[in-house]
Amino acid sequence: MVTSWNWIYLSDFASYKPTYLPEDNPEWFSFFFDSSARRTCYIAPERFYASSDFLFQPEITKDGKLTPAMDIFSLGCVIAELFLEGSTIFTFSQLLRYRNNKYDPSVELEKIQDIHIRSLIKDMIHLNPEDRKSADYYLEHW
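Here the numbering used here is used: the first residue of the sequence shown is 699, the next is one more, and so on.
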(Lines of atoms letter the chains of each structure in order from A and count residues from 1; the text may use other names and numbers.)
(Lines give C-alpha, C1' and ligand atoms only; values in the text may rest on other atoms or scores of the structure.)
Protein backbone atom coordinates (compact mmCIF):
# COMPACT_ATOMS: atom_id res chain seq x y z
CA MET A 1 0.00 0.00 0.00
CA VAL A 2 1.34 3.44 -0.92
CA THR A 3 0.11 6.49 0.99
CA SER A 4 -0.26 10.04 -0.32
CA TRP A 5 2.93 10.84 1.65
CA ASN A 6 4.83 8.25 -0.44
CA TRP A 7 5.11 5.81 2.45
CA ILE A 8 4.92 2.15 1.50
CA TYR A 9 3.28 -0.36 3.83
CA LEU A 10 3.82 -4.06 3.26
CA SER A 11 0.39 -5.50 3.95
CA ASP A 12 -2.13 -8.09 2.93
CA PHE A 13 -5.76 -7.57 3.79
CA ALA A 14 -6.73 -11.17 3.05
CA SER A 15 -4.77 -13.57 5.20
CA TYR A 16 -6.85 -16.53 3.98
CA LYS A 17 -5.06 -16.65 0.62
CA PRO A 18 -2.91 -19.72 -0.04
CA THR A 19 0.85 -19.30 0.15
CA TYR A 20 1.56 -21.68 -2.71
CA LEU A 21 -0.30 -22.01 -6.00
CA PRO A 22 -0.26 -24.63 -8.76
CA GLU A 23 1.44 -23.26 -11.86
CA ASP A 24 -0.66 -25.36 -14.22
CA ASN A 25 -4.07 -24.39 -12.83
CA PRO A 26 -4.83 -20.65 -13.02
CA GLU A 27 -8.14 -21.10 -11.18
CA TRP A 28 -6.61 -20.43 -7.74
CA PHE A 29 -4.72 -17.41 -9.03
CA SER A 30 -7.88 -15.99 -10.60
CA PHE A 31 -10.01 -16.61 -7.51
CA PHE A 32 -7.61 -15.36 -4.84
CA PHE A 33 -5.41 -12.79 -6.62
CA ASP A 34 -7.04 -11.48 -9.80
CA SER A 35 -10.28 -9.85 -8.72
CA SER A 36 -9.66 -7.00 -11.20
CA ALA A 37 -9.31 -9.46 -14.12
CA ARG A 38 -6.19 -7.56 -15.32
CA ARG A 39 -4.09 -10.77 -15.18
CA THR A 40 -1.38 -8.72 -13.44
CA CYS A 41 0.73 -11.00 -11.28
CA TYR A 42 3.01 -9.73 -8.51
CA ILE A 43 3.30 -13.05 -6.69
CA ALA A 44 6.86 -14.21 -6.04
CA PRO A 45 7.88 -16.99 -8.45
CA GLU A 46 8.77 -19.38 -5.61
CA ARG A 47 5.12 -19.43 -4.55
CA PHE A 48 4.19 -21.54 -7.58
CA TYR A 49 4.66 -25.29 -7.73
CA ALA A 50 4.43 -27.87 -10.49
CA SER A 51 1.83 -30.63 -10.22
CA SER A 52 4.64 -33.17 -10.27
CA ASP A 53 6.01 -31.57 -7.08
CA PHE A 54 2.64 -32.09 -5.42
CA LEU A 55 2.71 -35.82 -6.19
CA PHE A 56 5.89 -36.24 -4.17
CA GLN A 57 5.30 -33.51 -1.58
CA PRO A 58 1.54 -33.16 -0.91
CA GLU A 59 2.23 -30.94 2.11
CA ILE A 60 3.33 -28.21 -0.31
CA THR A 61 -0.23 -26.87 -0.59
CA LYS A 62 -0.76 -26.65 3.15
CA ASP A 63 -0.40 -23.36 4.93
CA GLY A 64 3.15 -22.38 4.19
CA LYS A 65 4.86 -19.39 5.66
CA LEU A 66 5.24 -16.24 3.62
CA THR A 67 8.77 -14.90 3.65
CA PRO A 68 10.06 -11.33 3.54
CA ALA A 69 11.68 -12.15 0.18
CA MET A 70 8.21 -12.86 -1.25
CA ASP A 71 7.01 -9.45 -0.07
CA ILE A 72 10.10 -7.73 -1.49
CA PHE A 73 9.37 -9.27 -4.91
CA SER A 74 5.81 -7.93 -4.82
CA LEU A 75 7.00 -4.52 -3.68
CA GLY A 76 9.46 -4.39 -6.58
CA CYS A 77 6.59 -5.05 -8.97
CA VAL A 78 4.50 -2.27 -7.40
CA ILE A 79 7.38 0.22 -7.63
CA ALA A 80 7.86 -0.75 -11.28
CA GLU A 81 4.19 -0.12 -12.04
CA LEU A 82 4.40 3.30 -10.37
CA PHE A 83 7.42 4.31 -12.44
CA LEU A 84 5.94 2.81 -15.61
CA GLU A 85 2.83 4.93 -15.09
CA GLY A 86 0.45 2.02 -14.79
CA SER A 87 2.13 -0.50 -17.07
CA THR A 88 3.00 -3.80 -15.47
CA ILE A 89 6.08 -5.97 -15.75
CA PHE A 90 4.33 -9.31 -15.22
CA THR A 91 1.10 -10.88 -16.31
CA PHE A 92 0.28 -14.31 -14.92
CA SER A 93 1.71 -16.10 -17.96
CA GLN A 94 4.82 -13.88 -18.06
CA LEU A 95 5.53 -14.58 -14.40
CA LEU A 96 5.33 -18.32 -14.97
CA ARG A 97 7.70 -17.95 -17.92
CA TYR A 98 10.01 -15.80 -15.76
CA ARG A 99 9.96 -18.56 -13.14
CA ASN A 100 11.26 -20.95 -15.80
CA ASN A 101 13.86 -18.50 -17.19
CA LYS A 102 11.87 -17.94 -20.38
CA TYR A 103 10.91 -14.29 -19.89
CA ASP A 104 13.01 -11.24 -19.12
CA PRO A 105 11.25 -8.11 -17.80
CA SER A 106 14.29 -5.94 -18.65
CA VAL A 107 12.68 -4.64 -21.85
CA GLU A 108 9.84 -3.11 -19.83
CA LEU A 109 12.19 -1.91 -17.09
CA GLU A 110 14.35 -0.07 -19.64
CA LYS A 111 11.44 2.35 -20.04
CA ILE A 112 12.18 3.65 -16.52
CA GLN A 113 14.54 6.57 -17.01
CA ASP A 114 16.01 6.66 -13.50
CA ILE A 115 18.82 4.07 -13.55
CA HIS A 116 18.85 3.85 -9.75
CA ILE A 117 15.16 2.97 -9.56
CA ARG A 118 15.64 0.49 -12.40
CA SER A 119 18.52 -1.11 -10.50
CA LEU A 120 16.46 -1.22 -7.30
CA ILE A 121 13.58 -2.97 -9.04
CA LYS A 122 15.84 -5.51 -10.75
CA ASP A 123 17.37 -6.35 -7.38
CA MET A 124 13.95 -6.68 -5.72
CA ILE A 125 12.51 -8.98 -8.40
CA HIS A 126 15.52 -11.25 -8.59
CA LEU A 127 14.41 -14.77 -9.51
CA ASN A 128 16.35 -16.33 -6.64
CA PRO A 129 14.75 -15.27 -3.33
CA GLU A 130 18.12 -15.65 -1.60
CA ASP A 131 19.44 -12.78 -3.74
CA ARG A 132 16.73 -10.35 -2.63
CA LYS A 133 17.71 -8.10 0.25
CA SER A 134 15.73 -7.05 3.31
CA ALA A 135 13.46 -4.01 3.38
CA ASP A 136 15.93 -2.39 5.80
CA TYR A 137 18.73 -2.85 3.28
CA TYR A 138 16.76 -1.19 0.50
CA LEU A 139 15.83 1.74 2.74
CA GLU A 140 19.45 2.29 3.72
CA HIS A 141 21.02 1.86 0.28
CA TRP A 142 18.49 3.42 -2.06
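Virtual Cβ for every residue (Gly too), placed ideally from N, Cα, C. Bear in mind that the values here come from a model prediction, so they are computed numbers and not experimental data.
Check your understanding: For residue 699, is the classification buried or exposed, using 16 other Cβ atoms within 10 angstroms of its Cβ as the cut-off for buried?
Key -> exposed
Check your understanding: Looking only at its own chain, which residues have a Cβ that is under 7 Å from the Cβ of residue 840, when we skip the five neighbours before and after it?
Key -> 814, 818
Exercise for review: Kindly indicate which three-state DSSP category residue 719 falls into: helix, strand or coil?
Suggested key: strand
Practice item. Determine the closest residue to residue 801 out of 768, 788, 767, 810, with distance taken between C-alpha atoms. Key: 788
**Study point:** Backbone secondary structure at residue 815 - three-state DSSP
**Key:** helix
Check your understanding: Between residue 886 and residue 779, what straight-line distance do the alpha-carbon atoms span, to the nearest angstrom?
Key -> Shown here, the chain extends from 699 to 840; a query on residue 886 therefore has no answer.
Check your understanding: Can you tell me the Cα-Cα spacing of residue 763 and residue 827, whole angstroms?
Key -> 14 Å
Review point. Apart from the five residues on each side of it in sequence, which residues of its chain come closer than 8 Å, Cβ to Cβ, to residue 812?
Key: 781
Practice item. Can you say whether residue 721 is buried or exposed, counting buried as having 16 or more other CB atoms within 10 angstroms of its CB? Key: buried
Review point. Looking only at its own chain, which residues have a Cβ that is under 8 Å from the Cβ of residue 810, when we skip the five neighbours before and after it?
Key: 778, 781, 782, 816, 819
Check your understanding: What three-state label does DSSP hand residue 746 in the structure shown?
Key -> strand
Point to revise | Which residues DSSP lists as bridging residue 810, in chain order | key: For residue 810, which the question treats as bridged, DSSP gives no partner whatsoever.
Exercise for review: Please classify residue 706: does DSSP put it in a helix, a strand, or coil?
Suggested key: strand
Review point. So, using beta-carbon positions, are residue 790 and residue 737 closer together than 7 Å?
Key: yes
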